[in-house]
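Written below as structure tokens is the structure these notes are about.
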Amino acid sequence: MTPDEDLADVLSILCPMHVTLDAAGHVVRAGPTLQKLRPDMPFERQRFLDLFELIRPRSVAAVEDLFGAPRTKLRLQFRDVPRTGFKGVLVPLPDARGAIINLSFGFSVLDAVRDYALTSADFSATDLTIEMLYLVEAKSAAMEASRSLNARLQGAMIAAEEQAFTDTLTGLKNRRALDHVLDRLMTARRPFAVMQLDLDFFKAVNDTHGHAAGDHVLQQVARAMVSETRESDTVARVGGDEFVLIFDRLCDGPRLDAIAERLIAGVTAPILYGGVSCQVSASIGSAFFGGAEDMTATDLLARADAALYAAKHAGRSRHFLYDGAQHAPVPGSAVGHGAPDAPDKPDGQGAPV
Amino acid sequence: MHGLINRAIQSFVCNTYGTDRWHSVTEDAGLGFSEFEAMLIYDDAQTDAVMRAVCIELGRPESEVLEDLGTYLVSDPKVEALRRLLRFGGETFQDFLHSLDELPERARLAVSDLHLPPLELRDVTAHQFSLVCGRGLRGYGRVMMGILRAMADDYGALVYLEHSGCHEAGEIISITLVEADFAAGRDFDLGARAG
């Protein structure tokens, strides 16, 4: 055996994916793993660049052009399918006898192992490919476990949100909580008042100063509403800038109007956000439930809504109350003491319902 | 205790004995829930309570249940991923045995907070080995017995295993390799990712 053949055997163990080239760029010998990738096509005596397409460095017509540049890093791929990609390094042999190119799969290793049914015996003992395949698989399994945990947590979060009674932005009650309270009060046939409050000019704040400013305004307005109401009252945010308040056992028109005036004043106070003053106002429509009427929660809310519409129509920052006797909204200040249905001083405006 | 270990017990009981029996186990153990999450960490006392409840529910001694758990983890098609990860240890059963020293490190590489006690393989003769399963995880040696039994099967090797009790360093398993190529074993295709 010649020293060259000895060396080639050593190389085949250390670098099973090497190719030895002669000075003309023809393959003298290919490592066993590399040859395993094309079992029906002996590499020996073929031109290296007929087998492999050189991607980097570009503009190299003949592989011999690289012989003068030791340790050149190469990127290449097979010319025929599967067009497996390789990383490589070229080391010229002394006395212009050619070069050795050692190849590895780089990131194409996952596909290569599958495409060519490689086993650990195809990689040199010090090659970290097997460890890498192990890691890829182990990490995928771990990631899968994490993903399923995340999916379950997300499902639990959505379920919890659906069951929640709190509006997360303002800390007020939400629509679900409101429905619950309304249902309870109407079933108990208790007298109470309901108010629909819409912010005026809120859209302008959002458009001019952004959503963060809008959110801040909603939070401040919510705080003002809570401070103007009793613990036993319900304050709910039911839409972007829409609120509903419920005053248990309140059936006094002037008192309700006074509360509405205080609410409007509280909401109208300028709110500072990031150095700018944001101002909104509120329109309010109210309706009473006397405890005996034959109506549903939807009917009651529709009355409050009609009053709200009238308030907005009358020029904002107003409070209107639905008058049960007249079946029409009237200005809140026009309602006297006594029964909520008292046809006290109708102003005869006949706001649209 | 790492969720993966609790999850392994859950998977074993559910897939071998049915979900109903698992639910009565978690109830007896007083867990307050019935699903372990693989990537969370649980109180050791919960794992102990579950193992006690499993043994009572199945009416079998803990050593047997743990060995079956080890066998299940490697041989059940539902948990194929672990078998594949273990097969990365080597081409032959002997290679695999020698890779056991690295097993805790391999596990930590995959799941950084999964700490397994050390394993040490000692060559007694060419065909006799002893595996020292370090202290720190109750039942470790018994589960390893089951894993070794199933992996020998997987490689097609005929082995005789004996649990030689607890010593200062931990539990010791005596392994006699009767025949390395006793049966065909199962294929291990590097590129066929499980799952």
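So the sequence lines, in the order shown, correspond to chains A and W. Heads up: the first sequence at position 237 corresponds to 237 in my numbering, and the numbers run straight through without jumps. Heads up: the second sequence at position 141 corresponds to 141 in my numbering, and the numbers run straight through without jumps. Positions of the beta carbon are idealized from the N, C-alpha and C atoms, including for glycine.
R83/W is outside the set of residues whose beta carbon lies under 9 angstroms from a beta carbon in chain A. For Q220/A, the closest alpha carbon among the candidates P191/A, Y273/A, G239/A, L51/A is that of Y273/A. Counting only Cβ-Cβ distances below 7 angstroms, S227/A has no contacts in chain W at all, with the closest Cβ about 40 angstroms away. Spanning the alpha carbons of N102/A and E171/W requires a straight line of approximately 47 angstroms.
For Y155/W, the enclosing alpha helix (DSSP H) covers residues 140 to 155.
Taking all protein chains shown into account, Q128/W has fewer than 16 neighbouring C-beta atoms within 10 Å of its C-beta and is therefore exposed.
Using a CB distance below 7 angstroms, the part of the stretch 101 to 135 of chain A facing chain W consists of V113, R114, A117, L118, T119, S120, A121, I130, L133, Y134, L135, ordered along the chain. For the pair S108/A and R83/A, the Cα-to-Cα distance works out to about 10 angstroms. A straight-line Cα-Cα distance of about 56 angstroms links A265/A and G3/W.
In this structure, the straight-line span from the alpha carbon of D248/A to that of S232/A is close to 7 angstroms.
Interface annotation, R152/A: in contact with chain W, CB-CB separation under 9 angstroms.
Under DSSP, the beta-bridge partners assigned to Q77/A are E53/A, G85/A. Not flagged as an interface residue toward chain A: V124/W, since no C-beta distance is shorter than 9 angstroms. By the neighbour-count criterion, in which a residue is buried when 16 or more other Cβ atoms sit within 10 angstroms of its Cβ, F33/W is exposed. Legend: CB atoms of the stretch 100 to 133 of chain W lying less than 8 angstroms from CB atoms of chain A belong to residues R106, L109, A110, V111. Here the alpha carbons of G332/A and G253/A stand approximately 7 angstroms from one another. The alpha helix (DSSP H) runs of length 4 or more contained entirely in the stretch 175 to 221 of chain A are, from start to end of the chain, 175 to 187, 202 to 209. Taking all protein chains in view, the Cβ of D305/A is crowded by 16 or more other Cβ atoms within 10 Å, so the residue is classified as buried. Here Q35/A has P42, F43 as same chain residues with Cβ atoms under 8 angstroms from its own Cβ, once five neighbours each way along the sequence are excluded. Under the three-state reduction of DSSP output, C166/W falls in the strand class. For the options G165/W, S164/W, E168/W, V159/W, the alpha carbon positioned closest to that of D181/W is the one of V159/W.
Residue pairing by DSSP puts R122/W in a beta bridge opposite S130/W. Your pair L256/A and A193/A checks out as a contact, with CB atoms roughly 5 angstroms apart and the cut at 8 angstroms.
The beta carbon of R87/W is closer than 6 angstroms to those of F188 in its chain, skipping five residues each way along the sequence. Judged by DSSP secondary structure, L272/A falls within the beta strand (DSSP E) whose first and last residues are 271 to 273.
Residue range 242 to 248 is occupied by the beta strand (DSSP E) that includes D248/A.
With the criterion set as a beta carbon lying under 9 angstroms from some beta carbon of chain A, the members of the stretch 31 to 51 of chain W are E35, E37, A38, M39, L40, in sequence order. The three-state secondary structure of R45/A, taken from DSSP, is coil. Among the bridge pairs identified by DSSP, I173/W is matched with L131/W, H163/W. About 17 angstroms separates the Cβ atoms of L169/A and D198/A, ruling out a contact at the 8 angstroms cut-off.
A straight line joining the alpha-carbon of Q279/A with that of V267/A spans about 9 angstroms. Residues of the same chain with a CB within less than 8 angstroms of the CB of F52/A, apart from the 5 flanking positions on each side, are L76, Q77, F78, R79, F86 in chain order. In the DSSP assignment, L128/A falls outside any beta strand (DSSP E) and carries neither an H nor an E. At a cut-off of 9 angstroms between beta carbons, L149/A contacts chain W. Taking every protein chain shown into account, the CB of G98/A has 16 or more other CB atoms within 10 angstroms, so this residue is buried.
The closest CA to that of I284/A, considering only D241/A, A292/A, I130/A, is found on D241/A.
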